[in-house]
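S.K.: Take a look at the following structure, please.
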Amino acid sequence: MTKREIIRMVLEGGVPPYVPWSFGFTQAAKERLQQHYGPVDLETRLQNHLVKLGSDIGFFTDLGNHRVRDVFGVVWDRSLDRDIGNVEGRLLPEPTLKGYHLPDPHDPRFFADIPARIERYADRFRVFQLGFSLYERAWTLRGMQTLLMDFLDYPHFVKDLLNAIADYNIAQIKEAFKFDIDAVYFGDDWGQQRGLQMGPKLWRTFLFPVLKRMYAVARECGKYVFIHSCGDVDELFDDLIDIGVNCFNPFQPEVMDVFDLLAQYRGRLTFHGGLSTQKTLPYGTVDDVRHETGRLLEIGRRGSYILAPAHDVQGDVPLDNMLAVIEIAQGQSAFAGN
120 MTKREIIRMV LEGGVPPYVP WSFGFTQAAK ERLQQHYGPV DLETRLQNHL VKLGSDIGFF
180 TDLGNHRVRD VFGVVWDRSL DRDIGNVEGR LLPEPTLKGY HLPDPHDPRF FADIPARIER
240 YADRFRVFQL GFSLYERAWT LRGMQTLLMD FLDYPHFVKD LLNAIADYNI AQIKEAFKFD
300 IDAVYFGDDW GQQRGLQMGP KLWRTFLFPV LKRMYAVARE CGKYVFIHSC GDVDELFDDL
360 IDIGVNCFNP FQPEVMDVFD LLAQYRGRLT FHGGLSTQKT LPYGTVDDVR HETGRLLEIG
420 RRGSYILAPA HDVQGDVPLD NMLAVIEIAQ GQSAFAGN
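So for the sequence shown, the working numbering puts the first residue at 120; every next one is plus one.
Set out below in C-alpha cells:
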C-alpha cells in the first residue's frame, strides 16, 4: 500500500498494517537533522506520510532585520522565534472593517509549488495547509486581548470579521481543489494549558457556526478535514466531529490523556501527535523517548492514529532523541517490508 492509502485507511477507521507518521520540525531542529544526514532531501529521508501543500500563513515579504509581512499585512518580529514570530502593532485599531481590504485568496504564490510537490512525493497523502484560519487570524489583526474583549463589547463586529476571514479561506481552498489534494488542514489555536482561551460558551457562539461553514465546503468536495489547535480543547471533540473534522493535531499529552482519548474516539476521530514536546523529547533520555514512542505505537496499531511529536520539534531537543523517534517509526516491520 502507498502512504496515501495507509492514511486514508486510518481516517476511515480501518486497522493499518503499521502506524503511519508525519513529523514536523522547527528551522533550528531541521538544521541539526540536515547536518546529521548530510546533503539529502530531508523530506525523503524522514519518509513522512503527509505532504504539506500551500504556503500556510503567507509569509511572503521579507522586511529585513528579522521582520516579515504576511499577506494580510501583519508584520512579524522574528528576532526570537524564527518560525512564526511576534505580531507588531494592530491593523484594526477600531472595531470595524471599514478601510481594510482582505488579500487576494487566489494569490498564485500559495499554489505555485503544488504540482511539483505532488509529483515529487506522489505516494503521500496530500494536505493543503491553511494557517491562522479563523480566531488566530482575527487576533493578529485586532490584538488578542482586544479581540477577547470584542466578543463581549462588539459581538456584531466579531461576527463580521470572522465571516470575512472564512469567505477568504473558502475561496482559497476552492482554488486548491483544482489540484489533486486529499485534505485541508485548518490551523487555529483555541486552547491554553487549562481550558479554552475564550471559554466554551463564546467558542460555540462565535466560532462554531463559522467553522461549520468552512469545514462543510471541504467535506462537500470530498476532502478530509484536519485541524490543529494547541492546548486543552478535548471538551470540543464531539462538536468538531459533528461539523466534519476527521483528524485532530497536536494531541498534547501534557493537557489531555492521549491514551484514554484514543480509545474513546477510535473510529470517529483520528489523532496526529501525542509524543511529548514539553517534557519527554527535550528533557528525557533516549530510553524515555523510545518507551513513550513504543506506547503510542502499541495503541496506534489499532487505528485512528498518526504518530508524531505533539508539536513541531524545537531546536533544544537533543539530536539523539529526534533520531530515536525517526528510527522507531521507520523500524516497524510492516513498513520495512513495503
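Positions of the beta carbon are idealized from the N, C-alpha and C atoms, including for glycine.
Is the beta carbon of Leu381 less than 8 Å from the beta carbon of Tyr334?
M.R.: No.
S.K.: Straight-line CA distance for Arg332 to Ile284?
M.R.: Arg332 and Ile284: Cα-Cα distance of roughly 12 Å.
S.K.: Rounded to whole angstroms, what's the CA-CA distance from Ser198 to His225? Just pull it up for me.
M.R.: Approximately 30 Å, taken between the alpha carbons.
S.K.: Suppose you measure from the CA of Val206 to the CA of Pro274; what does that come to, to the nearest Å?
M.R.: Distance between the alpha carbons of Val206 and Pro274: 23 Å.
S.K.: Helix, strand or coil for Ile360, going by three-state DSSP, please let me know.
M.R.: Ile360: helix per DSSP, three-state reduction.
S.K.: Quick one, which of Glu255, Met120, Gly413 has its alpha-carbon nearest Gln451's?
M.R.: Comparing Cα positions, the closest option is Gly413.
S.K.: Is the Cβ-Cβ distance between Leu211 and Leu165 less than 8 Å?
M.R.: Not a contact, by the Cβ cut-off of 8 Å.
S.K.: Report the three-state DSSP secondary structure of Pro428 (helix, strand or coil).
M.R.: The answer is strand: DSSP assigns Pro428 an E or B state.
S.K.: CB Asp357 to CB Gly310, shorter than 8 Å?
M.R.: Taking 8 Å as the Cβ cut-off, Asp357 and Gly310 do not qualify as a contacting pair.
S.K.: Sort out for me which residues DSSP pairs Tyr343 with in a bridge.
M.R.: Answer by DSSP bridge pairing, in chain order: Ala302.
S.K.: Nearest-angstrom Cα distance between Arg338 and Lys293?
M.R.: Rounded to whole angstroms, Arg338 to Lys293 spans 12 Å at the Cα level.
S.K.: According to DSSP, is Val129 part of a helix, a strand, or is it coil?
M.R.: The answer is helix: DSSP assigns Val129 an H, G or I state.
S.K.: Short of 7 Å in beta carbon distance, which residues of its chain neighbour Lys171, apart from the five on each side in sequence? Order them along the chain.
M.R.: Cβ neighbours of Lys171 beyond the five flanking positions: Val246, Gln248.
S.K.: Measuring only the C-alpha atoms, how far is Ile360 from Gly434?
M.R.: Distance between the alpha carbons of Ile360 and Gly434 is about 34 Å.
S.K.: What do you get for His347, buried or exposed, if any count of 16 or more other CB atoms within 10 angstroms of its CB means buried?
M.R.: The residue in question, His347, is buried, as its Cβ has 16 or more Cβ neighbours within 10 Å.
S.K.: Can you name, in chain order, every residue of its own chain whose Cβ lies under 7 Å from the Cβ of Gly177, other than the five neighbours on each side?
M.R.: Excluding sequence neighbours, Gly177 sits near Asp189, Val190, Phe229.
S.K.: Excluding sequence positions up to five away, which residues of its chain have a Cβ less than 8 Å from the Cβ of Tyr156?
M.R.: So the qualifying residues of the chain are Arg164.
S.K.: Is there a Cβ from chain D that is less than 8 Å from the Cβ of Asp379?
M.R.: The structure shown contains no chain D, having only a single protein chain.
S.K.: With DSSP run on the structure shown, which of helix, strand or coil describes Leu400?
M.R.: Looking at Leu400 - three-state DSSP - the assignment turns out to be helix.
S.K.: Considering Cα atoms alone, identify which of Phe276, Arg323, Thr265, Thr324 is closest to Gly208.
M.R.: Of the candidates Phe276, Arg323, Thr265, Thr324, the one whose C-alpha sits nearest the C-alpha of Gly208 is Thr265.
S.K.: What are the start and end residues of each continuous alpha helix (DSSP H) run of 4 or more residues lying completely inside the stretch 154-211, in chain order?
M.R.: 161-165, all fully within the stretch 154-211.
S.K.: Note down the Cα distance separating Glu238 from Tyr402, rounded to an integer number of angstroms.
M.R.: About 38 Å.
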